[in-house]
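Right, one structure below, let's go through it.
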Amino acid sequence: MKYRQLTKEQFESLHEEFARFLASQSIDAKEWNQIKAEKPAVAEEEMNIFSDVVWDDVLTKVKYVEHFSKTSANLFKCDEEEIHRIAIKINWNINLLEQKGFEWLMQNPMDNSVEIFKGSKPYNNERNTEIFDLIEKGSSISQGEIFEYFNQLIS
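Numbering (the numbering used here), first residue to last: 260 to 414.
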């Protein structure tokens with residue numbers, strides 16, 4: 260398995276897609292229930308394959324991810340060959356996880372208590388695997404507005 264199995268909730272929200280996936284392998288609902296009951300390892304493998312297909316599709320489309328903590332933000336732009344990072348550190352009593360703290364940062368990005376670092380590097384491993392790792396560590400997929408805002412400020 261390349262990534263991780265989808266959660267029960269994710270499978271439930273993708274039940275139609277999963278049914279089509281099974282149908283593409285000539286497995287209908289009755290046969291699927293029989294496989295689950297009699298061959299749980301085979302059922303598990305089908306779920307793992309479907310999970311990898313879904314993750315690969317989602318990750319291929321990702322352009323930006325971001326991760327916030329109380330005093331820092333890591334903003335990533337995920338190009339095809341390399342990943343760009345803007346790291347922001349707040350050296351003051353501001354909590355970026357609260358709306359008030361986030362708004363303060365957006366209104367005061369050049370304040371003396373704000374440190375901004377920028378860097379780029381090629382992927383160490385396969386692109387989607389590295390993005391998946393960032394998501395598993397708490398990053399969220401984003402539209403990139405915050406990355407682009409800070410990128411314009413410091414470029």
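Think of the CB as a built atom: it goes at the ideal place given N, C-alpha and C, for glycine as much as any other residue. None of these values were measured; they are calculated from a predicted model.
Since residue i contacts residue j with CB under 8 Å, what's their CB separation in whole angstroms?
i	j	result
F231	F327	This structure does not reach residue 231, given that the chain is present from 260 up to 414, and the question cannot be answered.
N354	S372	Incorrect: roughly 13 Å between the Cβ atoms, too far for contact.
L393	F335	7 Å
N307	M369	In fact, because the Cβ distance is near 48 Å, the residues do not count as touching under 8 Å.
Near residue i, which residues of its chain fall below 6 Å by C-beta distance, leaving aside the five closest residues on each side in sequence?
i	result
S401	Y323, E325
S285	none
W291	L281
Using the Cα positions of residue i and residue j, report the straight-line distance between them to the nearest angstrom.
i	j	result
I390	L318	7 Å
K295	E276	18 Å
Q366	G360	10 Å
Count the other CB atoms within 10 Å of the CB of residue i; is the residue buried (16 or more) or exposed (fewer)?
i	result
Y408	exposed
L250	Any property of residue 250 remains undetermined from this structure, which presents the chain solely from 260 to 414.
I283	The displayed chain sequence assigns Ser, not Ile, to residue 283. Counting Cβ neighbours within 10 Å, S283 comes out exposed, since fewer than 16 surround it.
L356	exposed
E305	buried
Enumerate in chain order the residues of its own chain whose CB-to-CB distance from residue i is below 8 Å, with the five nearest sequence positions on each side excluded.
i	result
S399	V324, E325, H326
Practice item. Could you tell me whether the segment 343-351 touches the segment 311-320, where touching means 3 or more Cβ pairs closer than 8 Å? Key: no
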